[in-house]
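Each protein sequence line maps, in turn, to chains A and B.
For the first sequence, position 66 matches number 65 in numbering that gives the first Met the number 0, and the numbering has no gaps at all.
For the second sequence, position 87 matches number 86 in numbering that gives the first Met the number 0, and the numbering has no gaps at all.
All C-beta atoms, glycine included, are put in the ideal place defined by N, C-alpha and C.
Below is one structure, written out as structure tokens, with a few remarks after it.
Protein chains: 2
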Amino acid sequence: MFKALADPTRRFLLDLLFARDGRTLTELESELEMTRFGVMKHLRVLEEAGLVVVRRSGREKHHFLNPVPIRLIHDRWIDKYTERQVTALLDLKNELEKDHDRD
Amino acid sequence: MFKALADPTRRFLLDLLFARDGRTLTELESELEMTRFGVMKHLRVLEEAGLVVVRRSGREKHHFLNPVPIRLIHDRWIDKYTERQVTALLDLKNELEKDHDRD
DNA sequence: AAGTTATGTGACCCGAAGGTCACATGTCAA
DNA sequence: TTGACATGTGACCTTCGGGTCACATAACTT
């Protein structure tokens, strides 16, 4: 599950699904500079990690983002008390900068 | 930074630091079934990822957990609206189970 | 100064993961 | 049913990352 997040291509796939859910394999493939097979492998990893959930419809396979595992990562190393400090800090930072691009 | 979380040994190191901060290399080494060199490599990766912050004191090097990058992962794929749903869901789950061990 | 302790560096080995391809199955449409 | 489309499988290659070791520097102790 952590290994699933280790690859930049897979993170980009999550970004795509975060922007718009329910896309199919070929739809996602068109956004990447890679063979269909590569994308398929990555989606499989994400699926096995529980980060992506799948719904079949005929010959098509639609992919959806699952936020739960991400939250579990968060909760593993940030307790309720620290969370308040960190969110406050980051909210302040975003307030000061007002433009943000990550990674 | 995501690759830093991909390795189970490094996650265990974060767990150790989450339990108690400021430990030194040899202290952490004693908790693992590995050579000092292996642990050193892992700590270096965690440090470069910003997940661990370091304070030198003489010949000793103390390691501290930094929660900010973890929170950034969270914020990347969970918006404020979804966050409420997910936390509510997980709080409910923890309430029902009442015993929890992860990974 | 000398020995011990804490940490650092470079090279090396090996298994795992990313990527592609030939080939294959299942499904829609005419 | 025939062809086109969407997805799946296994083998293969190559690069990368985890782990160890020989060797090295720096600091505390007596």
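Buried versus exposed call for Asn65(B) [16 or more other C-beta atoms within 10 Å across all chains shown]: Taking the second sequence and counting its residues from 1, the one referred to as residue 65(B) is at position 66. Asn65(B) comes out buried.
Selection of the region 21 to 53 of chain B by Cβ proximity to chain A, strictly under 7 Å: none
Bridge partner(s) assigned by DSSP for Thr23(A): Here residue 23(A) is taken as the residue at index 24 of the first sequence, counted from 1. Looking at the DSSP assignment, Thr23(A) forms a beta bridge with His61(A).
Nearest to Phe1(A) (by Cα), restricted to the options Leu45(A), Ala87(A), Val85(A), Arg83(A): Position 2 of the first sequence, counted from the start, is the residue given in the question as residue 1(A). Answer by Cα proximity: Leu45(A).
Neighbour flag for His73(A) against chain B, beta carbons, 8 Å: Here the question's residue 73(A) lines up with position 74 in the first sequence. Output row for His73(A): interface = yes.
Top-ranked residue by Cα proximity to Glu32(B), from Glu96(B), Ala48(B), Pro7(B), Ser56(B): Along the second sequence, one-based indexing puts residue 32(B) at 33. The candidate whose alpha carbon is nearest that of Glu32(B) is Pro7(B).
Cβ separation of Ile72(A) and Ile77(B), assumed to be a contact under 8 Å, to the nearest whole Å: By 1-based counting over the first sequence, the position of residue 72(A) is 73. By 1-based counting over the second sequence, the position of residue 77(B) is 78. With 8 Å as the limit, Ile72(A) and Ile77(B) do not qualify as a contact, their Cβ atoms being about 10 Å apart.
Rounded distance between the beta-carbons of Leu16(B) and Val51(B), thought under 8 Å: The sequence position of residue 51(B) within the second sequence is 52, counting from 1. The sequence position of residue 16(B) within the second sequence is 17, counting from 1. At roughly 7 Å, the Cβ-Cβ gap stays under 8 Å, so Val51(B) and Leu16(B) are in contact.
Whole-Å CB distance - Leu4(B) paired with His41(B), under 8 Å assumed: Taking the first residue of the second sequence as 1, we reach residue 4(B) at position 5. Taking the first residue of the second sequence as 1, we reach residue 41(B) at position 42. Actually they do not touch by this definition, with Cβ atoms about 11 Å apart.
Same chain, Cβ closer than 8 Å to Gly49(A), five either side skipped, listed in chain order: As a working mapping, residue 49(A) is identified with position 50 in the first sequence. Here the set comprises Met0, Asn65, Val67, Pro68.
Min CB distance Leu91(B) to chain A below 8 Å: In the second sequence, the residue the question calls residue 91(B) occupies position 92. For Leu91(B), the answer is no, since every Cβ of chain A falls outside 8 Å of its Cβ.
Nearest-angstrom Cα separation, counted from Asp20(B) out to Ala18(A): Residue mapping note: residue 18(A) aligns to position 19 of the first sequence, counting from 1. Residue mapping note: residue 20(B) aligns to position 21 of the second sequence, counting from 1. If you take the alpha carbons of Ala18(A) and Asp20(B), they lie about 37 Å apart.
Span of the alpha helix (DSSP H) around Asp78(B): Translated into positions along the second sequence, residue 78(B) becomes position 79. Careful: Asp78(B) lies outside any alpha helix (DSSP H) and carries neither H nor E.
Enclosing alpha helix (DSSP H) for Met39(A) [first to last residue]: Counted from its first residue, the first sequence places residue 39(A) at position 40. Unbroken alpha helix (DSSP H) run through Met39(A): 35 to 47.
Cutoff 8 Å; reference Arg58(A); Cβ partners in own chain excluding five residues on either side: Counting from 1 along the first sequence, the entry for residue 58(A) is found at position 59. Once the five neighbours on either side are set aside, Arg58(A) has no close Cβ partner at all.
Beta-carbon proximity list for Thr23(B), same chain, < 8 Å, skipping 5 on both sides: Residue 23(B) sits at position 24 when you count from the first residue of the second sequence. Closer than 8 Å at Cβ, skipping near neighbours: Glu59, Lys60, His61, His62.
Alpha carbon of Asp96(B) to alpha carbon of Glu82(B), nearest angstrom: Walking along the second sequence from the start, residue 96(B) turns up at place 97. Walking along the second sequence from the start, residue 82(B) turns up at place 83. With the sequence shown as reference, residue 96(B) is identified as Glu, and Asp is not the correct amino acid for it. When rounded, the distance between both Cα atoms is 21 Å.
Inter-residue spacing [alpha-carbon to alpha-carbon] between Arg35(A) and Glu28(A): On the first sequence, residue 35(A) is found 36 positions in, with the first residue counted as 1. On the first sequence, residue 28(A) is found 29 positions in, with the first residue counted as 1. Spanning the two alpha carbons is a distance of roughly 6 Å.
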